[in-house]
Amino acid sequence: VKLGGTWRMLFSSENDGTSIQRLDRAVSGYDGPTLMLIRASHHEDAGCHGVFGAYLTAKWKKGTEFSGDTDCFLFRLEPSCSGALNAKNKTGPRGGNYFRFNVSATGTAKGSLPTGGSLTNLRRARGVGAPLSPRRSRSFRGGAGGERGICMGGTETHPRLLVSEALDSVRAGSACTSYEDGELFHLTPDLAMSVRPGSGPATLDLECLEVWAPSSTEEALRAREKHREVIDATVLKAKKVDRAAFLGDLKSGLIESKMFAHREQMRGRDGGCALLDGEEDN
Numbered sequence: 001v002k003l004g005g006t007w008r009m010l011f012s013s014e015n016d017g018t019s020i021q022r023l024d025r026a027v028s029g030y031d032g033p034t035l036m037l038i039r040a041s042h043h044e045d046a047g048c049h050g051v052f053g054a055y056l057t058a059k060w061k062k063g064t065e066f067s068g069d070t071d072c073f074l075f076r077l078e079p080s081c082s083g084a085l086n087a088k089n090k091t092g093p094r095g096g097n098y099f100r101f102n103v104s105a106t107g108t109a110k111g112s113l114p115t116g117g118s119l120t121n122l123r124r125a126r127g128v129g130a131p132l133s134p135r136r137s138r139s140f141r142g143g144a145g146g147e148r149g150i151c152m153g154g155t156e157t158h159p160r161l162l163v164s165e166a167l168d169s170v171r172a173g174s175a176c177t178s179y180e181d182g183e184l185f186h187l188t189p190d191l192a193m194s195v196r197p198g199s200g201p202a203t204l205d206l207e208c209l210e211v212w213a214p215s216s217t218e219e220a221l222r223a224r225e226k227h228r229e230v231i232d233a234t235v236l237k238a239k240k241v242d243r244a245a246f247l248g249d250l251k252s253g254l255i256e257s258k259m260f261a262h263r264e265q266m267r268g269r270d271g272g273c274a275l276l277d278g279e280e281d282n
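In structure tokens, the structure reads:
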């Protein structure tokens, strides 16, 4: 794993907002390894927070299938450094669930505007005992392909590390068949005592999410820009086609006939349409 050289930030929820669509645009097409950093807190204890993340060798490609290889790993940086929790070799049907970017076709409507700064600046400014952001709703969305969002380890329905599609919540477990065991988020003793056995990992407030390109190469960055150009050209073409079709329907009178088709359907019915022949549209 090469982590030296020039690092480039691809996405920051503090700079770019909590939008899965913006995250997808920022990382899609990048042909190189990435480092994901997460700062999270527990809503029941202002002093319970941590920084953890993952090193990803797979491309950020939307889908329900897991990807990546044994060069991926998880880690914890705060409140104490865990070292790398390395990926395990797949043994039969078990393991191999290294990374998945499972996002719905339209993403999620929930999100927020960027607030500026970065996780590294946020850590310097807030410190260990700094106040946390206001409590937010913690939302996870499942589907036919399992949990939606950024998934690492575990299973489709119970990932070990799961960042919600709304980029507002995160779950972090301590064991799975794809990565070495170890805590990603350390609960305070009081919170740990309140957790019921078998209840699974706690749902945390996601304070900040960043995706970095360590040892970024010009080739990998050019691949991302080329991918963006293709996507933008496709969207622009679709808009032009839609506009041309709309103008054609408008000129032919098709739109007007559709808009007022209910008049014919309502004629002769009790309580029918108030706009009938002989009346003017206001």
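Taking full-length UniProt numbering, I'd label the letters of the sequence shown as residues 1 to 282.
No residue lacks a Cβ here, since even glycine has one placed at the ideal position from N, Cα and C.
These figures come from a predicted structure and were not determined experimentally.
By how many angstroms is the C-alpha of residue j removed from the C-alpha of residue i?
{"i": "Lys226", "j": "Gly32", "result": "14 angstroms"}
{"i": "Thr91", "j": "Cys176", "result": "13 angstroms"}
{"i": "Ala39", "j": "Ser252", "result": "It should be pointed out that residue 39 corresponds to Arg in this sequence rather than to Ala. Taking the straight line from one Cα to the other gives about 56 angstroms."}
{"i": "Asp71", "j": "Gly47", "result": "33 angstroms"}
{"i": "Ile150", "j": "Ala202", "result": "17 angstroms"}
{"i": "Leu122", "j": "Lys59", "result": "Its pLDDT being 40, under 50, Leu122 is placed unreliably in this model, and the value from its coordinates should be taken loosely. Cα-Cα distance, rounded: 27 angstroms."}
{"i": "Ser67", "j": "Trp212", "result": "19 angstroms"}
{"i": "Thr64", "j": "Thr155", "result": "11 angstroms"}
{"i": "Val163", "j": "Met9", "result": "19 angstroms"}
{"i": "Leu206", "j": "Ala233", "result": "34 angstroms"}
{"i": "Pro159", "j": "Tyr30", "result": "24 angstroms"}
{"i": "Thr157", "j": "Arg25", "result": "25 angstroms"}
{"i": "Arg148", "j": "Ala172", "result": "15 angstroms"}
{"i": "Phe73", "j": "Pro214", "result": "14 angstroms"}
For a quick check, are the C-beta atoms of residue i and residue j less than 8 angstroms apart?
{"i": "Asp16", "j": "Thr188", "result": "no"}
{"i": "Val170", "j": "Leu221", "result": "no"}
{"i": "Ser178", "j": "Gly153", "result": "yes"}
{"i": "Pro79", "j": "Gly50", "result": "yes"}
{"i": "Phe99", "j": "Leu85", "result": "no"}
{"i": "Gly182", "j": "Ser82", "result": "yes"}
{"i": "Met36", "j": "Leu23", "result": "no"}
{"i": "Leu184", "j": "Leu161", "result": "yes"}
{"i": "Gly146", "j": "Asn102", "result": "yes"}
For residue i, which option in the options has the closest C-alpha, if you only look at C-alpha atoms?
{"i": "Thr6", "options": "Ser252, Ala233, Cys72, Glu218", "result": "Glu218"}
{"i": "Glu165", "options": "Thr18, Gly182, Trp60", "result": "Thr18"}
{"i": "Asn89", "options": "His158, Leu77, Gly83, Asp69", "result": "Asp69"}
{"i": "Gly96", "options": "Trp212, Glu207, Glu180", "result": "Glu180"}
{"i": "Ser28", "options": "Lys62, Ser12, Ala54, Glu14", "result": "Lys62"}
{"i": "Glu14", "options": "His186, Ala172, Asp168, Pro214", "result": "Asp168"}
{"i": "Thr34", "options": "Phe11, Pro159, Thr157, Ser104", "result": "Phe11"}
{"i": "Gln21", "options": "His158, Ser104, Thr157, His186", "result": "Ser104"}
{"i": "Leu77", "options": "Arg25, His186, Thr157", "result": "His186"}
{"i": "Leu191", "options": "Ala26, His43, Thr157", "result": "His43"}
Tell me where the beta strand (DSSP E) around residue i begins and ends.
{"i": "Arg39", "result": "34-42"}
{"i": "Ala213", "result": "203-213"}
{"i": "Ala26", "result": "No beta strand (DSSP E) holds Ala26; the alpha helix (DSSP H) holding it covers 20-27."}
{"i": "Ser12", "result": "8-12"}
{"i": "Gly149", "result": "149-152"}
{"i": "Phe172", "result": "Sequence check: residue 172 is Ala here, not Phe. 169-172 is the extent of the beta strand (DSSP E) around Ala172."}
{"i": "Thr164", "result": "Rather than Thr, the amino acid found at residue 164 in this sequence is Ser. Looking at the DSSP string, the run of the beta strand (DSSP E) that includes Ser164 is 161-164."}
If I follow the unbroken alpha helix (DSSP H) through residue i, where does it start and stop?
{"i": "Leu74", "result": "Run containing Leu74: none in the alpha helix (DSSP H); it sits in the beta strand (DSSP E), 73-78."}
{"i": "Asn102", "result": "Asn102 -> not in any alpha helix (DSSP H); beta strand (DSSP E) instead, spanning 100-102."}
Between residue i and chain C, is the shortest Cβ-Cβ distance under 8 angstroms, so that the two count as touching?
{"i": "Asp168", "result": "The question asks about chain C, but that chain is absent: this structure has only one protein chain."}
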